[in-house]
Amino acid sequence: MTAADQELLKKCKRDAVTSGRDSTKKSEIVRAALRHFASLAASTQLMELNGLDPVKTGRPKKK
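What follows is the structure, encoded as structure tokens:
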């Protein structure tokens with residue numbers, strides 16, 4: 193996940209607290225986002241996926 197994605201997760205957690213939800217886990221936000229994404233039309237899903245920046249896979253090499 194990119195740093196920008198991490199910041200979006202933090203914002204979602206803050207928004208949940210501000211809205212009255214005492215604690216929200218990162219996994220709950222991801223699950224809610226996944227359900228919303230699945231409800232979109234395939235063409236909209238493709239547009240969103242094409243708009244993502246590529247992320248390097250794998251673990252960083254040990255120094």
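Residue 193 is where the sequence shown starts when you use the numbering used here, and the numbers rise one by one after that. The beta carbon of each residue, even a glycine, is placed where N, CA and C say it ideally should be.
Does the structure place the segment 198-207 close enough to the segment 216-229 that three or more beta carbon pairs sit under 8 Å? yes
THR210 and ASP245 - do their beta-carbons sit closer together than 8 Å? No; because the gap between Cβ atoms is not below 8 Å, this pair is not in contact.
Excluding the five sequence neighbours on either side, which residues of its own chain have a C-beta within less than 8 Å of the C-beta of PHE229, listed in chain order? GLN237, GLU240
Nearest by alpha-carbon distance to ALA225: which of PRO252, ARG251, LEU201, LYS255 is it? LEU201
Cα-Cα separation, SER235 to ASP214: Cα to Cα, the separation comes out at about 36 Å.
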